Every structure is written in C-alpha cells, then in structure tokens.
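**Student:** Residue numbering for the sequence shown follows full-length UniProt numbering, starting at 1 and increasing by one per position.
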Amino acid sequence: MTFEFDTHTEVQSNGDGRYAAELDPGWVVGGGVNGGYLLAVIGTALRASFPTKPDPLAVSAYYLSAGRPGPAEVAVDVRREGGSVATASVELRQQVGQGDETRIAALATYGDLDRLGDDVRTTAEEPVLPPPDECVANAFAPPEILEMAPMMGRFDMRFHPEQVGWAVGQPSGRGEISAWFRLIDGREPDPVTLLMVLDALPPVTFDLGMMGWAPTLELTAHVRAKPAPGWLKVRHATRNMAGGMFEEDCEVWDSAGRLVAQSRQLARQPRPIG
1 MTFEFDTHTE VQSNGDGRYA AELDPGWVVG GGVNGGYLLA VIGTALRASF PTKPDPLAVS
61 AYYLSAGRPG PAEVAVDVRR EGGSVATASV ELRQQVGQGD ETRIAALATY GDLDRLGDDV
121 RTTAEEPVLP PPDECVANAF APPEILEMAP MMGRFDMRFH PEQVGWAVGQ PSGRGEISAW
181 FRLIDGREPD PVTLLMVLDA LPPVTFDLGM MGWAPTLELT AHVRAKPAPG WLKVRHATRN
241 MAGGMFEEDC EVWDSAGRLV AQSRQLARQP RPIG
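1. Taking its Cβ as the centre, do 16 or more other Cβ atoms sit within 10 Å of S84, making it buried, or is it exposed?
2. Rank P150, V164, V223 by C-alpha distance to the C-alpha of V136 and give the top, closest one.
3. Skipping 5 residues on each side, what residues in its chain have a beta carbon closer than 8 Å to that of P71?
4. Are S263 and L219 touching if we call contact CB-CB under 7 Å?
5. Can you have a look at S49 and say buried or exposed, based on whether 16 or more other CB atoms are within 10 angstroms of its CB?
6. I want to know whether the region 26-40 touches the region 5-17 - three or more CB-CB distances under 8 Å.
7. Distance check for L92 and R158, CA to CA, integer angstroms please.
8. Pull up the CB-CB distance for P227 and V260, whole angstroms please, since I reckon it's below 8 Å.
9. Beta strand (DSSP E) containing E248: first to last residue?
10. Give me, in chain order, the residues of the same chain whose beta-carbon lies closer than 8 Å to that of A124; leave out the 5 immediate sequence neighbours on both sides.
11. With a floor of 3 residues, list each beta strand (DSSP E) that falls wholly inside the region 69-148, ordered by position along the chain.
12. Rounded to whole angstroms, what's the CA-CA distance from F140 to F155? Just pull it up for me.
13. Which one of P127, I177, D55 has the shortest CA to CA distance from P189?
14. For I184 and P127, I'd like the C-alpha separation in whole angstroms.
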C-alpha cells in the first residue's frame with residue numbers, strides 16, 4: 001500500500017548528494033509550506049544518503065525563506081560518517097526567477113535507533129488526555145483556520161477539550177496545546193515522520209489569543225526512539241514571548257507511553273494572513 005505521506009516526501013537521487021523533490025500544496029499553512037513537512041523531506045533525503053544509519057537523531061534547521069509548492073532540490077554534504085553516527089549539512093532549495101533560493105539550511109546527525117541502548121531514566125511526565133473520542137477533532141476547527149492551513153487535512157488530531165478555547169475566542173492564556181495525532185490515511189509513525197509531527201499542531205500562541213501564521217526562525221529536533229504503532233500524544237508549550245518572538249517546546253509520546261521526540265523552536269510573533 002502506498003501512503004500519502006510517503007508520496008509527498010519522496011525524493012529522487014540526481015547524484016553527488018542531490019535529490020529532487022516535489023513539495024505538495026496539501027502541506028501549506030499560512031504564508032508557506034509547513035516547516036515540519038519540509039524537515040521530513042530533508043529527512044528522507046538524509047535517510048537515502050545513509051543506508052546503514054536510517055534514523056534522525058538530531059536536526060537543527062534554520063528557516064531562511066518560505067517554501068512554496070512545486071519542485072525543490074535537497075543538497076546533502078556529508079561532514080563525517082563514523083561507526084555509529086553520521087553528520088551532514090543539508091539545504092532545501094527552490095528555483096526563484098533565474099536563481100536558487102535556500103528555504104532551509106540544517107545540520108543533522110543520523111544513526112540507527114535499534115542499536116542504541118535501552119536504559120531509560122526520565123523525569124518527563126506524559127501528557128494526560130481524555131480518550132480520542134472525548135477530545136475535539138481538528139475537523140471542527142473554525143473555517144478561517146482550515147482555510148489558512150490546508151495541511152490540517154493531512155492528519156487526524158483530537159485536541160484536549162480544555163485547551164481549545166482559542167477556537168471560539170476564549171484562549172486560556174496558559175500557552176499550552178496538546179492533542180492526539182495520527183496521519184489521515186492510517187500510515188504508522190516512524191522516526192522521519194516525527195520530524196513533521198514536531199511542527200504539526202497550531203502555533204501555541206493561539207492559546208495566548210494571538211491567531212495567525214507564526215514563521216519559524218530555527219527548530220532543533222531530537223528523536224529519542226522509534227515510535228510504537230498507534231496514536232501519538234503531542235504537547236506544545238511556551239513560557240516566554242519577547243522582542244516579537246516566542247519559543248515553542250514540543251514533546252511527542254507514543255502509544256507505549258515513551259517520549260519519542262522533542263523539539264524547541266524560535267518563531268516570530270503571529271501575524272495576520274493576507
């Protein structure tokens with residue numbers, strides 16, 4: 001079975017570490033293509049570059065310009081490949097006029113999560129969510145949100161009912177949004193998928209009463225384990241907005257109750273669309 005996500009993130013090798021991709025319009029949000037989706041496209045090219053180290057461990061990406069639907073190129077420059085990990089710099093570019101424009105520049109470390117140790121010691125606490133059927137589905141989002149974010153049609157999200165006041169003009173002001181998450185076509189999560197999931201929920205500033213597109217400046221992702229099949233739990237939170245920017249911390253937990261991915265991003269204060 002061919003899944004939508006795999007088709008939308010597919011890359012074709014052109015040799016010399018260069019890969020052709022086609023950015024799908026179904027991943028547009030606000031003023032450009034979703035940053036998490038772009039990370040997954042980059043992640044797919046990196047996976048192809050390291051056949052024996054297929055899993056992202058750490059990715060730090062700088063967003064230089066807004067991606068647009070259409071052709072793109074991913075250029076991978078291997079900096080080091082050792083016995084257990086490999087590190088590469090990578091850029092996603094698109095042609096603009098007579099030249100290329102870099103959308104993302106990133107540094108990534110890849111390895112094999114199956115070969116890592118199984119000693120887990122954590123003080124992190126799994127988000128508490130009601131069962132999915134008792135949460136609020138993204139299909140019920142306000143029309144203006146669905147219009148701003150076609151990517152909402154790519155997955156099934158079930159928001160904590162106490163954290164969706166922003167959808168009806170009553171944000172809590174706590175700066176927290178959490179939800180159940182799965183891809184709409186039933187594709188199970190894997191490490192590259194997690195790169196997208198870390199940036200899939202609405203900006204946490206919605207819960208501060210600030211609606212609109214919040215462009216990411218930088219995002220650092222850590223993938224900690226291969227996720228078990230089934231629903232994921234995703235939690236976004238912020239503690240500080242200053243100088244027209246805010247940080248957004250994300251945790252992704254799998255159906256086995258493990259913390260499988262974490263990220264922090266710095267983004268600009270939301271601005272209206274149009």
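A virtual CB, placed ideally from N, CA and C, is assigned to each residue, including glycine.
The structure presented is a predicted model; accordingly, all values stated were derived computationally and were not measured.
**Tutor:** Answer, in terms of the structure:
1. exposed
2. V164
3. A20, A21, E22, L23, Q94, Q95
4. yes
5. buried
6. yes
7. 31 Å
8. 5 Å
9. 245-253
10. E251, L259
11. 70-81, 86-96, 99-111
12. 13 Å
13. D55
14. 22 Å
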